[in-house]
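Some notes on the structure that comes next.
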Amino acid sequence: MEKLEVKGLSHQFRDGEKLRTVLDQIDLIFEPGKLYAILGYSGSGKTTLVSFLSGLDKADKGTIEYDGINIETYGLDKYRRNKSSIVFQQYNLIEFQTAHQNLMTAMGITDNELPPNSSDIAYNLLDFVGIGKTKADRKVKMLSGGEQQRVAIARSLATNVDLVFADEPTGNLDSESEREIIKLFKTLANQYNKCVILVTHSDQVASSADKILRINDGKINYE
Amino acid sequence: MNYFKRALIHVKANLGKSLLIFIIFLVTMGAVSTAFMTSRMYNKTLEQTFKDGTVPVYVRNSYPDDLIGNITYNWNDYQEISSQQKFDIAELEEVESSDISMYSSLKPGQLTMPNEMLDYGLSINYVKDPEQSVSEENKEAYQFNYDKELFKNNPQSIILNDLILDENNLEVGDTIVLDINSDYSEVESIPELEEQEFTIVGSYSAEPTQAMIDNENANAEEYGFEPDLTFSYLYTNAYIPLSAGKSYLKYYEGVDQQNGEAIGASATYYLKSLDDVSKFKTDVEALTGTQVEVEFDLNSEESETAEGLSVIIGIQSILNYFLLFGVVVVIVLLTILITLFIRGRKKEIGIMVALGETKRNIYFQLVFEQVIIMSLATILAYPICLVILTVLSSKFGFLALGLTIVPLIQSVIVGVIIIGLITLIPAIYTLRLQPKKILL
Chain A
1 MEKLEVKGLS HQFRDGEKLR TVLDQIDLIF EPGKLYAILG YSGSGKTTLV
51 SFLSGLDKAD KGTIEYDGIN IETYGLDKYR RNKSSIVFQQ YNLIEFQTAH
101 QNLMTAMGIT DNELPPNSSD IAYNLLDFVG IGKTKADRKV KMLSGGEQQR
151 VAIARSLATN VDLVFADEPT GNLDSESERE IIKLFKTLAN QYNKCVILVT
201 HSDQVASSAD KILRINDGKI NYE
Chain B
224 MNYFKRALIH VKANLGKSLL IFIIFLVTMG AVSTAFMTSR MYNKTLEQTF
274 KDGTVPVYVR NSYPDDLIGN ITYNWNDYQE ISSQQKFDIA ELEEVESSDI
324 SMYSSLKPGQ LTMPNEMLDY GLSINYVKDP EQSVSEENKE AYQFNYDKEL
374 FKNNPQSIIL NDLILDENNL EVGDTIVLDI NSDYSEVESI PELEEQEFTI
424 VGSYSAEPTQ AMIDNENANA EEYGFEPDLT FSYLYTNAYI PLSAGKSYLK
474 YYEGVDQQNG EAIGASATYY LKSLDDVSKF KTDVEALTGT QVEVEFDLNS
524 EESETAEGLS VIIGIQSILN YFLLFGVVVV IVLLTILITL FIRGRKKEIG
574 IMVALGETKR NIYFQLVFEQ VIIMSLATIL AYPICLVILT VLSSKFGFLA
624 LGLTIVPLIQ SVIVGVIIIG LITLIPAIYT LRLQPKKILL
C-alpha cells in the first residue's frame, strides 16, 4: 500500500514584524490502515500541517510524496481530486444541496473509477455513517452538527481515496457525537485500510488513535 | 454529478436570485428578439411587396397613341432566383440604368456600327437636327441605339429610323452588312470588328407625337433644362412600339441594401390595351418559370406598404438607439449582481476547489447557470414579442412574421455573448479564491 512521506517540511509565516517558524524540518511517514492523531495547542501549526498534507496549500520548503511521487509534481488539484479528502471542523458541506447531492457532487469531481450505481453507493455510504434515506434527501442545513459531520465523512469516502484528513472533526460536537465520529474514523482506518490523519487539541480524541504525533515549536514528536 | 447538473441544482435551490436574473434576462432578450424580428420583418415585407403586393400599372400620356402605359414587374425574390439557378449567372450583366441602352454616333451616310454592338439586336436613331442637340454625341449626326433585351430571340435584327432608311435607300425586310463585334463586350473594351448581316425588322418615325413634345416641355420646365427632342422621342418612338405586346426580362446582379449580394430580374410590358395585363402575367410566368402571385391594380399606389414599412423602421430606430445602450447597462448590472452573488458563494466554491474541482469546470458551472436562466427567459420572451409584433402588424399593415427560427438563433447568440461578458469578472474572482483561507 502507498505511504505518505513528508521530507524536510518547513514553513514560516509573518507574525507582525517577526517571521515565525511553524514547521521546522519535519520528516514523517504515514501508513495505510492506521489512525493518526496530530496533537497540539492552538496555533501550534497542526492545521497548517494538515493543509499541506491534504494539498490545500504549499509549504516553503520540503516535499510531500505519496506513493513515491511528489504531490506538487502530480498536481495539487489532481491530488485532492483522486488521492485525498478532508473533513473540516465546520463540516463545509454545500448547504443548498441535500446530503445525497453533496456526495454526488464529490463523486462527479473525482477521476477515480466509481461503480455505475453511484447514487445507490452514496445512499449506502450515508447509511454506513448513520444517515438514513429520509435524512439523506434533506438539505444539509436541516441536519444537526453531528449529522452534518457524518455526511462530511461519508463524502470523504465517496471518492474512493486512501488518504482521509480531518481538521478538528469533533470540535463542534457534543461528547456522544464525538465518540461516534472517532469510532467511524477508527473503523475507516482499521477495517477499510484507509490512512486517516486527524488534527485535534483534545487528548481524549487523540487517545483513540493508533499513533499520536505531538507538534510543538515547529517540531513533531511521536508519543 | 457534473457541472451542468450542479448548475441546475443551484438555479432551483436559489430561486430568489435566479428570479431576479431571470427578469433582467427576460427584458433584455425580449428587446434583442424584437430587434431581430423587426429587422427580419422589414426585409420580408420589402420582399413581399415585390412578390405578392399589388403591381401598379402606369398610364402615361407621353407614350405613342396606340399605347396606354406599362407595367414593370420586379422579381426580386433573390433567394429563390439564386436557389433555382435557372439562369446562367455568367450571362447576367452588371447593369446600371445607363448600361441598358448605349449610344454611339456616326456621320450621315456612314453606316458603320459601334464596336460595342450587342449581339441580340440594335436600332439606329437618327438625330434630326444635330447642331441644335444639347447632347455632344448627338451633334455628330446619326445615332445608334442598341439594346440587349429587345430582341433576345432574334439577335440579327435591326430597327432603323425612317430617315436613315431614306438616306440609304433601304426598306423593312432588307438586309445590311455592318462592321461589328460578334460578341457582346464591355463598353470600354476594344473588340475586333467583323462584318455581320442584319435584317431590318422595322422602322420608326422621326416625328414626335404632340404628347411627347408636351411631356418633354413640361419636364424641361419643371427641372430647368432646355427641351431636347432630338433623341428622347426618337428612342421612345422606336423602342416602345416595337416592344409593345411582348414582355422582356432584364436580369441583373449586384449588391442590394436589404438582401446583400443578389441577383434579380424585372420584366417590362408596354400595354396596348388593358387586356394585355393578363398576357403579361402569362409571359412573365413563362420567362421566369414561376407563378406570379400578384394582383395588378390600375389605381394602386404604393403608399400602403410604405406606411407599414415606416412603422417597422420606427420600431427599429427606437430599438437601435436604445438596444446597444440597454445591453451595455444590462451587462454592467448583471456583472455586478453575479459578482455579488459569487462573493456569497465563496464557501461553496472553496468546497469544490477542496474536492479537487478544476477552476475551468467551476467557471462552466457559473456559465451554465446563466445559460439555463437565459434560455428560460428567451423561451418566454420570444413568443411574447412575437404576439406583440403580430398585433402591431395587423394594426399597421406590415407583414406578420410567423414563427421563425432565424431571429431566435440570432437572439440566442447575443444572449450567449452577454453571458460570456457578465461571467468574466466573477470568473477572475473565482480563480483568485484560496480554499485554505475559506475553509480552514
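Top line first, the protein sequences correspond to chains A and B. Residue 16 in the numbering used here sits at position 16 of the first sequence, with consecutive numbering throughout. Position in the second sequence (first residue = 1) + 223 = the numbering used here. Yeah, the Cβ is synthetic: ideal placement off N, Cα and C, and Gly gets one too. Only a predicted model underlies this, so the values are computations on that prediction, with no experimental measurement involved.
Which residue wins for smallest C-alpha separation from residue i, given the options the options?
i	options	result
E420/B	S501/B, P606/B, T398/B and L647/B	T398/B
G130/A	L213/A, Q148/A, K141/A and K139/A	Q148/A
D27/A	L19/A, T48/A, L4/A and G40/A	L4/A
S250/A	K194/A, S202/A and K135/A	With chain A covering only 1 through 223, there is no way to say anything about residue 250/A.
I585/B	V550/B, L599/B and K570/B	K570/B
R155/A	S144/A, I181/A, L103/A and V50/A	L103/A
K582/B	S598/B, Y652/B and I641/B	Y652/B
G33/A	T48/A, K78/A and F185/A	F185/A
V205/A	I38/A, V161/A and I94/A	I38/A
R214/A	A99/A, T47/A and C195/A	T47/A
V553/B	P450/B, T261/B and I640/B	I640/B
G68/A	E2/A, A136/A, L35/A and R179/A	E2/A
V196/A	Y123/A, F30/A, I94/A and K133/A	F30/A
V164/A	R179/A, L188/A and G171/A	L188/A
T562/B	A441/B, L242/B, P649/B and E444/B	P649/B
G75/A	Y91/A, Q191/A and L53/A	L53/A
S207/A	N221/A, I182/A, N92/A and Y192/A	I182/A
A600/B	I611/B, S616/B and G638/B	G638/B
V161/A	D77/A, N112/A and E178/A	N112/A
S598/B	R568/B, I244/B and Y226/B	I244/B
F259/B	L603/B, L612/B, L662/B and T422/B	L612/B
In or out: residue i buried (at least 16 other Cβ within 10 Å) or exposed?
i	result
F88/A	buried
G396/B	exposed
G45/A	buried
K141/A	exposed
S321/B	Caution applies to S321/B, whose pLDDT of 27 falls short of 50 and renders its modelled position unreliable; the value that the coordinates give is listed next. Result: exposed.
D167/A	buried
K83/A	buried
K219/A	exposed
T73/A	exposed
G439/B	Contrary to the premise, residue 439/B reads as Glu rather than Gly in this sequence. E439/B comes out buried.
N284/B	Its pLDDT being 47, under 50, N284/B is placed unreliably in this model, and the coordinates cannot settle the point.
V551/B	exposed
F448/B	exposed
E592/B	buried
Q19/A	According to the sequence provided, residue 19/A is Leu. The question's Gln does not apply to it. Exposed is the call here.
Q588/B	buried
L242/B	exposed
F548/B	exposed
G643/B	exposed
L23/A	buried
N566/B	Residue identity check: residue 566/B is Arg in the sequence provided, not Asn. So R566/B ends up on the exposed side.
R655/B	exposed
A209/A	buried
Give the DSSP bridge partners of residue i, in chain order.
i	result
R583/B	Beta-bridge pairing links R583/B to no other residue.
I212/A	A37/A
D167/A	V199/A
R20/A	F13/A
Y66/A	L4/A and I69/A
Y222/A	L213/A
S85/A	V164/A
F421/B	I399/B
K139/A	T98/A
F30/A	L4/A
K254/A	Residue 254/A lies beyond the stretch modelled for chain A, which goes from 1 to 223, so this question has no answer here.
Assuming residue i contacts residue j (C-beta within less than 8 Å), just tell me the rounded distance between them.
i	j	result
R80/A	G55/A	5 Å
T98/A	R150/A	Wrong, their Cβ atoms sit about 14 Å apart, outside the cutoff.
K659/B	S51/A	5 Å
R263/B	V629/B	6 Å
L173/A	G132/A	Actually they do not touch by this definition, with Cβ atoms about 19 Å apart.
Y66/A	H100/A	Not confirmed; about 29 Å, so no contact.
Answer yes or no: the CB of residue i versus the heavy atoms of the ligand NAD, is any distance below 8 Å?
i	result
L560/B	By its list of ligands, the structure shown contains no ligand whatsoever, and the ligand NAD lies outside what it can speak to.
Would you check if there are 3 or more beta carbon pairs closer than 8 Å linking the stretch 605-615 of chain B to the stretch 577-589 of chain B? no
At least three beta-carbon pairs within less than 8 Å, the stretch 47-65 of chain A to the stretch 5-14 of chain A: yes
Check whether the stretch 631-638 of chain B and the stretch 244-257 of chain B are in contact - that is, three or more C-beta pairs closer than 8 Å. yes
With contact counted as at least three CB pairs below 8 Å, one residue from each stretch, are the stretch 117-132 of chain A and the stretch 29-46 of chain A in contact? With the cut-off at 8 Å, the stretch 117-132 of chain A and the stretch 29-46 of chain A do not touch.
Is there contact between the stretch 232-243 of chain B and the stretch 191-208 of chain A, where contact requires at least three CB pairs shorter than 8 Å? no
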